[in-house]
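Okay, so here's the structure we're looking at.
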Amino acid sequence: MDRGRSRRSPDLAVLRAHDRMLGLELQELSADSCITKSPSGGERSGKSPVDRGRQGLKRSQLTDGYGIPVVTVPAGADTRDHALLPETLDEFAALTRELEQVPEDPKPSLDADYDYQPVCTDLAGRGITGRISPRGMKTPTQTGGRWVCERTNSWWPTGRPGS
Numbered sequence: 006m007d008r009g010r011s012r013r014s015p016d017l018a019v020l021r022a023h024d025r026m027l028g029l030e031l032q033e034l035s036a037d038s039c040i041t042k043s044p045s046g047g048e049r050s051g052k053s054p055v056d057r058g059r060q061g062l063k064r065s066q067l068t069d070g071y072g073i074p075v076v077t078v079p080a081g082a083d084t085r086d087h088a089l090l091p092e093t094l095d096e097f098a099a100l101t102r103e104l105e106q107v108p109e110d111p112k113p114s115l116d117a118d119y120d121y122q123p124v125c126t127d128l129a130g131r132g133i134t135g136r137i138s139p140r141g142m143k144t145p146t147q148t149g150g151r152w153v154c155e156r157t158n159s160w161w162p163t164g165r166p167g168s
């Protein structure tokens, strides 16, 4: 599979235009994953744990502070969220170099699916201070920055809010 930017993230020209007109908020990031159906299969699909083992795709997404998707990384539906984060952050680093807009200290908001030592170690190695909700604690539905990415993920099926 082509591992180029064109298949994994929004078009660079679109992000540049958005940045020029409205601005991108790359300091405040939000990451989350969502599972979608993949009835035709494909190289990146895998068994979905939420759809009786049918083929599915997990989309790891990083959004800016306004909810604009800046990086999207596909994987099999059976892949854990925290295992996709390093690849998602690698794509983000490449994107910021291409945009020539490297944030000084990006602060990604991550839910409890990312509360694992390898994630903390990876973030520290990149010089990133992440805000990770601890596992096992109940949190309100709308918890600050994480909601931004979850809202964006909900728009994907039909391309409009509330779908």
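So the sequence shown is numbered by the working numbering: it starts at 6 and just counts up by one.
Backbone N, C-alpha and C define an ideal beta-carbon position, used for all residues, glycine too.
| Query | Result |
| --- | --- |
| Give a yes or no on whether the C-beta atoms belonging to Asp120 and Pro91 are separated by under 8 Å. | no |
| Ala88 by DSSP, collapsed to three states: which one? | helix |
| Just the C-alpha distance for Thr68 and Met142, rounded to the nearest angstrom, thanks. | 24 Å |
| So the alpha helix (DSSP H) Leu20 belongs to, where does it begin and stop? | Leu17 to Met26 |
| Have a look at Glu103 and Asp83 and give me their C-alpha separation to the nearest angstrom. | 31 Å |
| Hey, how far is the Cα of Gly81 from the Cα of Gln106? | 31 Å |
| Write down every uninterrupted run of the alpha helix (DSSP H) in the stretch 115-147 whose length is 4 residues or greater and which is fully enclosed by it, in chain order. | 122-130 |
| Assign Glu96 to buried or exposed, taking buried as 16 or more other Cβ atoms, counted over all protein chains shown, within 10 Å of its Cβ. | buried |
| When you compare each of Pro74, Thr126, Arg59 and Arg156 to His23 by their alpha carbons, which one comes out closest? | Pro74 |
| Using only CA atoms, which one of Ala88, Val78, Gly70 and Arg64 lies nearest to Gly28? | Gly70 |
| Expressed to the nearest angstrom, what Euclidean distance is found between the alpha-carbon atoms of Ala18 and Arg85? | 31 Å |
| Measuring only the C-alpha atoms, how far is Val76 from Gln66? | 6 Å |
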